[in-house]
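Some notes on the structure that comes next.
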Amino acid sequence: MQLKATTFNNILKPILFLLLLAPTIWLIAGLWLNTLGANPIEYILHTLGDWALRILLLTLLLSPLRRLLNWIQLVQLRRMMGLFTFYYASLHLLCYLWFEQGFNLSSVYSDVWDRPFILFGMTAFLFLIPLAITSTRNKMRQLGRRWKVLHMLVYPAVIFGVVHFWWLVKADTTEPLIYALLTFILLTERLWRFKRGEKSGA
Ligand code: HEM
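For the sequence shown, position 54 (counting from the first letter as 1) is numbered 54 according to the UniProt record's numbering, and the numbering increases by one without interruption.
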C-alpha cells in the first residue's frame with residue numbers, strides 16, 4: 001500500500017494532527033462550557049494521562065502495521081505521534097504538579113510515598129524526555145546508529161506507563177489490562193524479530 005507523497009503529506013498528516021489535538025480541544029471546550037463534571041481537575045488529569053498512554057501505544061503499533069500492510073509511509077508518522085505523547089504527558093505532569101500539589105516539592109515527595117504508582121509515571125516520563133529532545137532530523141543524523149539505541153527507551157517508557165495506570169486503578173481493570181496485553185504483544189513481536197536477526201524499528 002502506498003499513497004501519493006502529496007496526499008500523504010497534505011491530507012493524511014494534517015488529519016492525523018487534528019485527531020491528535022482533539023483531546024485538547026475537547027478539554028478546552030469542556031472547561032469553557034463547564035461540562036467536565038463535578039471534579040474538572042481530576043477529569044483533565046485523567047484524560048491527559050489516558051491520551052499520553054494511548055498515543056504512545058499507537059506509535060508503537062506503526063512499525064508492525066507498516067510490515068503487515070506493506071505501507072512504508074506509516075513510519076513517517078512516528079515523530080508526530082511521539083511528540084504528541086510527550087505533549088500530553090507533559091501537560092499531565094503539569095496538571096498534577098500545579099493543581100494537585102501546588103508546586104510544593106515536599107508534598108510531591110510525601111505523595112510518592114503514599115502512592116508509589118506516581119513514581120512509575122515519573123519514570124515513564126523521564127524515559128520520554130530524551131526521545132522528545134532527539135526527535136529532530138538533525139539529532140537523528142548527528143547520533144547515527146546511537147539514535148536507534150537511544151530510542152529503545154520507548155520500551156521501558158511504555159512498560160512503566162502501563163504499570164502506572166494498572167496500579168492506580170481501583171475497580172475496573174479492563175482498560176489497563178487491554179493496554180498491558182497490547183504492550184506484551186508489541187514487545188514480544190519486536191523481541192522475536194530481534195532474535196531472528198531482523199532490523200528493528202521502534
Ligand atoms: C510525569 C509524571 C507523572 C505523574 C506525577 C503522574 C501522576 C498521575 C496521577 C496523580 C494520576 C491520577 C491518579 C488518581 O486519581 O488516582 C495519574 C493517572 C494516570 N496517568 Fe499519570 N503521571 C505521570 C506520568 C504519566 C505518563 C508518562 C503516562 C503515560 C505514558 C501516564 C498515564 C496515566 C494514566 C493512563 C492515568 C489514568 C487515567 C485514568 O484513570 O483514566 N502518567 N497520573
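The beta-carbon is built from N, C-alpha and C at its ideal position, and this holds for glycine as well. Note that the structure is a prediction, hence the values are computed from the model and not measured.
Would you please state the rounded distance, in angstroms, between the beta carbons of residue i and residue j? I believe it to be under 8 angstroms.
{"i": "A89", "j": "L45", "result": "Contact doesn't hold; Cβ gap of about 12 angstroms is too wide."}
{"i": "L131", "j": "V154", "result": "6 angstroms"}
{"i": "L56", "j": "V158", "result": "5 angstroms"}
{"i": "N70", "j": "M1", "result": "6 angstroms"}
{"i": "F117", "j": "L93", "result": "That belief does not hold up - the Cβ atoms of F117 and L93 are roughly 14 angstroms apart, past 8 angstroms."}
{"i": "L20", "j": "F84", "result": "4 angstroms"}
Using CA atoms only, rank isn't needed, just tell me which of the options is closest to residue i.
{"i": "V162", "options": "S135, T123, R193", "result": "T123"}
{"i": "A22", "options": "I41, E42, A52", "result": "A52"}
{"i": "I133", "options": "M152, R67, P14, F86", "result": "F86"}
{"i": "R66", "options": "R196, F184, L3, K170", "result": "L3"}
{"i": "Y179", "options": "A5, N39, L61, I11", "result": "L61"}
{"i": "K170", "options": "N138, L181, R115, M152", "result": "R115"}
{"i": "D50", "options": "T183, E189, E175", "result": "E175"}
{"i": "L12", "options": "L143, V108, M80", "result": "M80"}
{"i": "I72", "options": "F8, L91, E198", "result": "F8"}
Which same chain residues end up closer than 7 angstroms to residue i when comparing Cβ atoms and leaving out the 5 residues on each side of it in sequence?
{"i": "L27", "result": "I44, T47"}
{"i": "L187", "result": "Y155"}
{"i": "P120", "result": "Checking the sequence, you will find Phe at residue 120 rather than Pro. So the qualifying residues of the chain are F160, V163, H164, W167."}
{"i": "R78", "result": "T59, L62"}
Check whether the Cβ of residue i lies closer than 9 angstroms to any Cβ atom in chain D.
{"i": "S110", "result": "Although the question refers to chain D, the structure presented lacks it and comprises just one protein chain."}
Within its chain, find whatever has a CB closer than 8 angstroms to the CB of residue i; leave out the 5 residues flanking it on each side and keep chain order.
{"i": "C95", "result": "I41, I44, L45, L48"}
Could you name the residues of the same chain whose beta carbon sits closer than 6 angstroms to that of residue i, not counting the 5 residues immediately before and after it, in chain order?
{"i": "V108", "result": "Q101"}
As an exercise, report each continuous alpha helix (DSSP H) stretch of at least 4 residues that is fully enclosed by the UniProt domain "Ferric oxidoreductase" (48 to 162), in chain order. 78 to 95, 105 to 114, 117 to 133, 137 to 143, 145 to 150
Complete alpha helix (DSSP H) runs within the region 9 to 38 (minimum length 4 residues, chain order): 13 to 33
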